[in-house]
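In the numbering used here, the protein residues as written are 21 to 698.
Below you'll find the structure, written out as C-alpha cells, and then a few comments.
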Amino acid sequence: MRYTVWDRHSVHAFQRAGLTQQQRSLLEGLLRALEHGAYFSDHVSAANSAFLAVTRASEGLAGNAVGQPRLSLTRTLLRTSLAGITAAGAAFAVGGAADLAAARAVVQDAERRLDRRTTVQTKQLWVHQLQAHARSLESAVRDWVTPLWEGPSLSAEVLAQARAELAVAVALTGRDGRMLQEELLRVLSRGKPGAAALSALLWPTPSDYRVAVLVEGTQQLERLELLLPTARQWPVTGSVPYRDGYAPAGRGGVQSVRDAVTLANQARRPGTVVEVRVSAADAATALRHGRRQISEALDQYAAAQRLVDFSLSSRSLVTDKDGVRYAGDPLVTSVRSARPLTSHWPAALRPALRSAHLAAQADAPMTSAALAWSAFDSLGLESSELDVLARACALQTLRQQVVSLYHVLTESALARLKHARWELSEAERALGIAERAVQRTREHTSKPVQDRSVELQRRAEQQRAHAQQCAQAASQLEAQLLPLVADLQHYLLGRDLSAQPLQLTSRLLNLDAWQDLLLPLEPDADAALIAAHEAATRFAAVAGGLAADNLALWRARLATPGALAAWLNDQEGIFQGLLAWLYATRNLAFHSGQFTGTADTLTAHAARSVVDMTLEFLGNWHQTQEQRGQQGSDALTVLRELARRKDDLVHQLGRASSCRAVNILNITAVDSNAFDRS
21 MRYTVWDRHS VHAFQRAGLT QQQRSLLEGL LRALEHGAYF SDHVSAANSA
71 FLAVTRASEG LAGNAVGQPR LSLTRTLLRT SLAGITAAGA AFAVGGAADL
121 AAARAVVQDA ERRLDRRTTV QTKQLWVHQL QAHARSLESA VRDWVTPLWE
171 GPSLSAEVLA QARAELAVAV ALTGRDGRML QEELLRVLSR GKPGAAALSA
221 LLWPTPSDYR VAVLVEGTQQ LERLELLLPT ARQWPVTGSV PYRDGYAPAG
271 RGGVQSVRDA VTLANQARRP GTVVEVRVSA ADAATALRHG RRQISEALDQ
321 YAAAQRLVDF SLSSRSLVTD KDGVRYAGDP LVTSVRSARP LTSHWPAALR
371 PALRSAHLAA QADAPMTSAA LAWSAFDSLG LESSELDVLA RACALQTLRQ
421 QVVSLYHVLT ESALARLKHA RWELSEAERA LGIAERAVQR TREHTSKPVQ
471 DRSVELQRRA EQQRAHAQQC AQAASQLEAQ LLPLVADLQH YLLGRDLSAQ
521 PLQLTSRLLN LDAWQDLLLP LEPDADAALI AAHEAATRFA AVAGGLAADN
571 LALWRARLAT PGALAAWLND QEGIFQGLLA WLYATRNLAF HSGQFTGTAD
621 TLTAHAARSV VDMTLEFLGN WHQTQEQRGQ QGSDALTVLR ELARRKDDLV
671 HQLGRASSCR AVNILNITAV DSNAFDRS
C-alpha cells in the first residue's frame, strides 16, 4: 500500500502553504477517502454518513413503492439508516443539526408505520420529504468548509466524522480524487486558500468536455446520433489523413481525434472512434461518464448483432473547451509479482472467487454490485443473516485500521525526508550546470564574455548558497528522523536491521509489535519498547496532519476498553446498513432491471470491497486448514464463528480494564478468540 496523498511533493506543498494541523488533517483525510486504492475502511464508500443514510432510505422507499425492494428489506433499510443517522449525528453540531433531526423524524415515522397496508401515496410523501431533507443536508455539509477551515479546532473524533460527510458530498458529484489532488497542489503553490476557494475546488462548476473512445467490432454505428445526440464517429480504415475541425491535424503536430485515439489503442480489428460531449467536474470524471454513455449505447447494437463482440479499448481522449487534451484510461493497477489468495483450490470459495473477478471487470456500477453480491450467495449467506457478515467484517476492519495507521504515520513522516533529499539533489544538479557554464566562459578573454562570466559566477554563488541550505535542511531532518527509524527497527524487527521498517508491507509488518506502540505503556515496559513508543509519538509530531490525529485517536481507543467496544459496535452498524443497501441494489438490478442510481459508483466500489475483505479472511482461514491437513470449513460456518467472536470480544471488553489482550494480529484467524493475546 502506497498512498499518493503522502507523495513527497504533496506533503511539502501542505507545509509551504502554512496549513494548520486541522487544515492538513482535513485535506489529507479527504484525499485519502477519494483514493481508489485506499483500504476499504478508509474509503469514502465505507463512510458512516448521515447524508448517505437519508439518501438510501429515500431510494429504498421509492423502490418499494413500485415493487423492489420488498417490505422486509425496506424496513431493514430504514432501521439501519436510522442507526446510521444517529451514529453520525455528532458532526452536525458544526451545522445542519435541525435538518438532520427533521430527516431522522421522517425515517423514524416510516420505519414505525410501513407495512403491507401503507399506500403508495404515503410512501411517495415520505420520499419527497426525505429528498428535500437530503438536499438540505448536502447544502449544510458543503457549508461546513468555512468552520472546518477557518474555525476553532475540533476533537479528532468529530473531525473524522465531518471529513466522512464531506467526502461523500464530494464523491457524489463524481469528483476524481487524483485530479482534485493535482488541482489542490496548484492552488497551494500560490499560498493558503480561503474557505470559498477551497469549496470551489471541491465542488467546481461542471465544464464541457468531449470524450473520444475507440469502439472495436464495427466501422460504423448506424443511427448513433439518434441514441446519443451529441455523438460523432469516424471509421478507422487505412491511413488517409483526417481533419478534425475542433482539433486540426497537420498544424503544430496536433493529431486528429481519430488518429490520436487509434494510435493510443493500437487497434487490432476494424473499429470506429466515437466522441460524445459530457458535462463534468473534471477531465477524469468526464472520461468515466463518456465511456459509460458509449458503453450503454452499445447495448443496442449488441442486441441487434448477436454474433459480434463490441468492445471499448482502454485508452480514451478527453478534450476540454479550450482544446486541451487528456489521454487516460479507466483506473487500472499492476504489480510486479501477483500471488494467489490461497495455494490450493478451496471448494467452498471457488464460486465466490469467480463472482468477485467478474464483478471487478463489469463496467456498469450496479451490474458490478449485483455480481459482487453473487459471491455472497455462493457462500450460502441468506438475506436474514446480513448481521452475521457485518459482525465478521467489523473484526477485520479493526485489523485493517491498525495496519492502515502504520502506513499513514510512516509514509507521511518519511515523505518530508524524501522531499528534502529530492530538493537537495535538484539543487546540486542546478549547481553543477551553473559551475560548468562558468568554466566554459573562462576559456574566452573577450570583454562581453568576461562580463557574462561575472553574471554567471554570481548566479553560481546563489545556487551554491541554495544547495547548502538544502543540504542543511536535509541533514537536520535526517538527524531528527533516522534515530527514530533505528528505534522502530530495533523493536519492530527484533534487531534485524537489514530491512527498512518504513517500507514494510502489511504482510511483513510485525503487527503484534506495532500494537504495543499503540497501547499505553506498562510500568515494567522494557527499554526497547519505551524507545519505540516514543519514536512513534515523535514520528506523529514530525508528520502532523492526519497521521497525528489518527495516532492520538487509536491510542485513545486502545486505552479504554469501552471505547473500543463502542467502536466495534459502530462498525457493525455501518456494515449492516451497507449490506442491506447492497442487497437492495442487487434486487433492483436483477428483478427490476435498474442499472443506474444515486451513488451507484460508490455502491459498486463498496460491494467489491466487502467481497474482497470477506475473501481475505476466509482465504486465510482455509489456507491455515490446508497447511494443517484439515478439511476446509464451509464459509457460513466460519462467518458464524467470527460473528460470535465479535460478540464475545465486546463482552470481554465490557469487563476488562485494558485492551492489551485484544489479539488484533489473529482477530479473524482460525485459533484465536480475539482476546487471547499474551
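Backbone N, C-alpha and C fix where the C-beta goes; we use that ideal spot for every residue, glycine too.
Asked	Found
Figure out for me which residue from Ala103, Gln42, Pro224 has the closest Cα to the Cα of Ala70.	Ala103
Can you give me the start and stop residues for the beta strand (DSSP E) that Ser334 sits inside?	331 to 340
Which of the three DSSP states is assigned to Gly270 in this structure?	Unreliable placement is indicated for Gly270, whose pLDDT of 37 sits below 50; the coordinate value is still reported in the next sentence. In this structure, Gly270 counts as coil in the three-state DSSP scheme.
Residues in the same chain with beta-carbon distance under 7 Å from Ala380, minus the five sequence neighbours each way, listed in chain order, please.	Arg628
Taking a contact to mean a Cβ-Cβ separation below 8 Å, would you say Tyr346 touches Ala303 in this structure?	yes
Helix, strand or coil for Trp254, going by three-state DSSP, please let me know.	strand
Would a C-beta distance cut-off of 8 Å place Leu531 and Leu685 closer than the cut-off?	yes
Which one of Val423, Leu406, His364, Arg370 has the shortest CA to CA distance from Ser398?	Arg370
Among residues of its own chain, excluding the 5 on either side of Leu599, which ones have a beta-carbon nearer than 8 Å to its beta-carbon?	Leu406, Leu409, Ala410, Val630
Report the rounded CA-to-CA distance for Arg335 versus Trp254, giving the unit in angstroms.	16 Å
Which complete alpha helix (DSSP H) runs does the region 125 to 210 hold, if anything under 4 residues is left out?	140 to 163, 165 to 170, 176 to 191, 197 to 208
Please report the distance separating the alpha-carbon of Leu434 from that of Leu81.	49 Å
Buried or exposed: Asp329, going by 16 or more other Cβ atoms within 10 Å of its Cβ?	exposed
To the nearest angstrom, how far is the alpha carbon of Val294 from that of Ala689?	50 Å
Roughly how many angstroms separate the alpha carbons of Val274 and Leu337, rounded to a whole number?	With a pLDDT of 46 at Val274, under the threshold of 50, the modelled position of this residue cannot be trusted, and the question is left open.
Sort Cys490, Pro468, Gln591 by Cα distance to Leu415 and report the nearest one.	Gln591
Sorted by chain position, which residues of the same chain lie with C-beta nearer than 7 Å to Ala560's C-beta, five sequence neighbours on each side aside?	Leu429, Ala567, Ala568, Leu571
Using DSSP with H/G/I as helix, E/B as strand and the rest coil, what is Leu327?	coil
Nearest-angstrom Cα distance between Leu513 and Gly564?	25 Å
Can you tell me whether Ser388 is buried or exposed, with buried defined as 16 or more other CB within 10 angstroms of its CB?	buried
Excluding sequence positions up to five away, which residues of its chain have a Cβ less than 8 Å from the Cβ of Gly194?	Ala300, Ala301, Thr305, Arg308, His309, Thr621
Classify His364 as buried or exposed, calling it buried when 16 or more other Cβ atoms lie within 10 Å of its own Cβ.	exposed
When the Cα atoms are used, what is the spatial distance from Leu673 to Leu638?	25 Å
What number of angstroms, rounded off, separates the C-alpha of Leu98 from the C-alpha of Leu529?	41 Å
Using DSSP's beta-bridge definition, name the partner residues of Thr292.	Val235, Pro255
Is the beta carbon of Ala113 closer than 8 Å to that of Asn68?	no
Find the nearest neighbour of Val480 within the set Ala457, Gln496, Ala358, judged by alpha-carbon distance.	Position check: residue 480 holds Ala in this sequence, whereas Val was assumed. Cα-wise, what sits closest to Ala480 is Ala457.
So, with DSSP's three-state summary, where would you put Pro261?	Because the pLDDT at Pro261 is just 37, under 50, the model does not fix this residue reliably, and the value given afterwards should be weighed accordingly. Coil.
CB-CB under 7 Å to Ala723, same chain, minus the five flanking residues each way: which ones, in chain order?	Absent from the structure is residue 723, since the part of the chain shown begins at 21 and ends at 698.
Between Ser424 and Asp691, which are expected to be in contact by the criterion C-beta below 8 Å, what is the C-beta distance as a whole number of angstroms?	Incorrect: roughly 25 Å between the Cβ atoms, too far for contact.
I'd like the span of the beta strand (DSSP E) that includes Tyr346, first residue to last.	345 to 348
The alpha helix (DSSP H) with Asp416 in it runs from where to where?	Note that residue 416 corresponds to Gln in the displayed sequence, not to Asp. Per DSSP, Gln416 belongs to the alpha helix (DSSP H) from 406 to 461.
Near Gln477, which residues of its chain fall below 7 Å by C-beta distance, leaving aside the five closest residues on each side in sequence?	Val458
Going by DSSP in three states, Ser653 sits in which element: helix, strand or coil?	coil
Please list the terminal residues of the continuous alpha helix (DSSP H) segment that includes Asp397.	385 to 398
Between the region 49 to 61 and the region 196 to 204, do at least 3 Cβ pairs fall closer than 8 Å?	yes
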